Amino acid sequence: MQKKSNNNIKICFMTVPVRDAPTTFPPLGVTRMIDSLTDSGFEYQKNTFFYNTDLIRPSDDDLIKYFKELKPNIIGISAVVSTSYSFVKRISKKLKECMPEVDIVLGGNLAAASEVLLKKTSVDLCVIGEGEDSIIELCHHWGEFKSLKSNDELKLIKGLTFPESSERDKIFFTGYRQQINKGSIRQANYKILDEYYLSTGNLGTGFDSDPRLLEIIKQGKKTAGIELSKGCVSRCTFCHRWNKGYRVMDLDKIMANIKMLMEDYDVGILDLYDENFGANKQHIRDFCERIKPLNILWHVSGMRVKTVADRSILHVMKDAGCISIKFGMESGSDRMLKIMEKLSTSVADNYNALLALKETGLLGTTTIQLVMGMPGENRQTLKETYDFVQKCKKFTGKVNVAASLAQALPGTPLFEFARAHKYIGSQIEDEEEYLIRVSDKDKSDFSHYLNMTEESTPEVLYWQYLLRSEHYSFYEGSRGKLKYLLTVLLKVILTPFGFKNFIKVLLAYRYSNKDWSKTLGLFKEKRKEGLNLKTKSLRKTVLDIAPDFKKVDIPYSVDVIRAGR
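Those letters in the sequence shown? Residues 10 to 574, by this note's numbering.
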């Protein structure tokens with residue numbers, strides 16, 4: 010098709026509110042879309058625009074007013090979290106009511122629920138996976154046809170789902186697009202972003218005790234986020250990330266970006282957002298060799314246990330300016346690690362990783378990140394995880410604990426397991442009801458939780474509260490535990506969880522280091538019949554029953570995305 014002039018199109022990207030308060034994580038997806046379009050001849054603030062809803066937090070009226078005044082042809086919603094469904098449904102409806110001709114395009118993890126979005130909201134089209142190339146073709150297509158309604162030309166653009174007719178009864182999927190070349194992966198563009206994303210000072214509670222940070226903080230240096238790689242070698246059954254496989258970025262471009270941040274924005278601390286930092290060990294060694302002379306400090310937000318356990322890598326990283334590492338251990342039970350498909354990771358590997366951090370002096374602000382309440386979880390596995398944390402405390406002194414409940418989100422084997430066992434209904438209305446239920450819910454919020462374990466819900470929550478109290482103990486000692494539990498009282502007394510279950514949590518605190526048999530005897534609710542998973546993976550369980558589902562050629566269907574990445 011002949012490409013028309015880009016001068017007439019206006020496309021405005023917007024974010025969705027991710028948490029109660031704006032996140033400091035920069036909207037990478039949006040800046041990548043804008044930069045991709047810029048490289049293809051579309052001008053920022055002439056053809057492309059950005060309305061940062063997550064940061065601005067406008068009222069619905071103010072948001073609608075902005076778009077009515079801008080008069081874009083396309084609105085691109087970056088829904089990076091699957092818990093934003095209610096917001097997307099409400100805002101897309103209001104936008105269509107006042108701007109019926111505008112095309113609303115959605116990308117991000119929520120697009121895994123494209124069938125629900127396209128049938129139950131006013132979203133016109135979903136972009137599946139990386140959108141840098143798809144968005145260019147979409148804009149050229151709009152320049153040709155002045156619309157993104159289904160036609161033969163639109164069906165040639167890979168990575169899209171859209172209704173085939175105005176009735177929206179049938180959804181068309183154009184097929185997955187090939188992933189972009191690793192040399193073309195872009196960093197966050199801070200020229201587009203607000204200064205808010207360049208925070209001043211430390212990286213959060215606990216970091217200001219690190220002597221290497223004190224001088225940086227005094228100088229007022231800023232913190233910026235970058236990536237060295239994209240994707241992950243693991244395929245955890247609860248993870249809703251789109252990116253399949255693992256790609257390292259061009260080191261020359263990475264270093265040029267770091268130097269620009271230091272010179273133009275006075276950055277002295279880097280937050281590395283990689284999900285799987287260090288999987289390519291030679292890439293990390295080369296990075297450390299090149300960043301060391303810059304005398305900049307850096308923090309790793311995502312690393313795998315077995316990489317952390319490599320002491321030779323840790324020493325090189327610390328010598329090059331690394332001040333802390335975060336990584337997910339997920340469980341203190343080998344059974345649960347197998348169900349989660351944590352590759353060949355074991356509880357012994359988790360211990361070894363913590364020990365390696367202690368030996369290299371990088372343990373100080375490490376968080377033990379746990380996922381509780383997966384299918385197959387039972388009293389024994391929950392107690393194993395608690396015992397794991399207690400053992401870690403003994404040889405590390407004290408540890409910070411983040412204990413979250415498993416959240417079944419679209420595009421994961423966990424979500425499809427929930428559908429297969431009828432925790433979520435199979436009809437489109439059932440799935441929408443569930444998406445509304447989890448909207449705006451943090452993974453630590455029990456109100457979203459689907460109990461697929463072998464135990465009662467109060468018992469699962471009891472263990473979660475017990476482990477989360479360790480987080481407060483990390484910062485405030487035993488008083489922190491009691492303060493946390495009293496806060497829980499105010500929260501749960503007004504909810505269906507109920508006062509009697511809070512008493513169980515309080516008693517758990519009382520007996521946590523004394524008599525487990527007395528505490529466990531408190532639970533009289535009928536236990537759920539076990540699903541007899543043993544160590545069988547959720548992914549295989551879903552694939553075994555996949556023929557029972559209606560197969561439709563869209564990303565939401567069994568044969569395309571039911572089993573996740």
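Glycine included, every Cβ here is placed at the ideal spot set by N, Cα and C.
All figures in this text were calculated on a predicted structure; none of them were measured in a lab.
The segment 45 to 53 makes no contact with the segment 68 to 76; the number of CB pairs closer than 8 Å stays below 3.
Two segments are said to touch when three or more pairs of C-beta atoms, one from each, lie closer than 8 Å; by this definition the segment 337 to 356 touches the segment 389 to 403. Annotation: Thr466 to Ala362 spans about 31 Å, alpha carbon to alpha carbon. DSSP, reduced to helix, strand and coil, places Thr354 outside both helices and strands of the structure shown, so it counts as coil. The C-beta distance from Ser413 to Leu371 rounds to 23 Å, too long to fall under 8 Å, and the pair is not in contact. The DSSP-derived three-state label of Lys231 is strand. Looking at the backbone, the Cα of Pro422 and that of Ala122 are separated by about 14 Å. Secondary structure of Asp112 (DSSP, three-state): strand. In this model, Ala288 and Asp203 are separated by some 32 Å (Cα to Cα). Contact annotation: Lys335 and Ser310 have beta-carbon atoms nearer than 7 Å. Between the alpha carbons of Pro36 and Gln188 lies a gap of roughly 20 Å. Between Ser159 and Glu173, the gap from beta carbon to beta carbon is short of 7 Å. Rounded to whole angstroms, Asp178 and Lys128 show a C-alpha spacing of 7 Å.
Pairing Thr47 with Ile201 gives a Cβ-Cβ distance that is not under 7 Å.
Taking 8 Å as the upper bound for CB-CB distance, Pro384 and Phe424 are not in contact here, some 11 Å apart.
The beta carbon of Val125 sits closer than 7 Å to the beta carbons of Ile437, Glu440, Glu441, Leu444 from its chain, once the five residues preceding and following it are set aside; these are given in chain order. Ser91 counts as buried, since at least 16 other C-beta atoms from the protein chains shown sit within 10 angstroms of its C-beta. With fewer than 16 neighbouring CB atoms inside 10 Å of its own CB, Gly229 falls in the exposed class.
Comparing alpha carbon positions, the residue from Gly277, Phe397, Gly184 closest to Ile225 is Gly277. Rounded to whole angstroms, the separation of the alpha carbons of Asp295 and Cys148 is 39 Å. Per DSSP, the beta bridge partners of Trp307 are Leu279, Cys331. Distance check between Asp283 and each of Tyr255, Leu303, Tyr274 places Tyr255 closest, using alpha-carbon atoms only. One alpha carbon belongs to His249, the other to Phe171, and they sit about 21 Å apart.
With 16 or more other Cβ atoms from the protein chains shown falling within 10 Å of its own Cβ, Tyr474 counts as buried. The beta carbon of Ala120 is closer than 6 Å to those of Cys135, Ile137 in its chain, skipping five residues each way along the sequence. Along the segment 78 to 142, the beta strand (DSSP E) occurs as fully enclosed runs of 3 or more residues at 83 to 87, 112 to 116, 134 to 136, listed in sequence order.
Our two residues, Gly168 and Leu223, have alpha carbons roughly 47 Å apart in a direct line. Annotation: the continuous beta strand (DSSP E) that includes Thr170 extends over 169 to 172. Contact check for Ile113 against Ile84 passes: the beta carbons are separated by less than 7 Å. In this structure Met42 is in contact with Glu141, their Cβ atoms being roughly 7 Å apart against a cut-off of 8 Å. Within the segment 396 to 455, the complete alpha helix (DSSP H) segments of 4 residues or longer fall at 422 to 429, 437 to 447, listed in chain order. Scanning Gly116, Lys74, Pro31 for the CA closest to the CA of Glu106 turns up Lys74.
Per DSSP, the beta bridge partners of Phe336 are Ile377.
Going by DSSP, Lys253 is part of no alpha helix (DSSP H) at all; its letter is neither H nor E. Leaving aside the five residues that flank Gln378 on each side, the residues in its chain whose CB is nearer than 8 Å to its CB run, in chain order, Lys335, Phe336, Gly337, Met338, Glu339, Ala411, Ser413.
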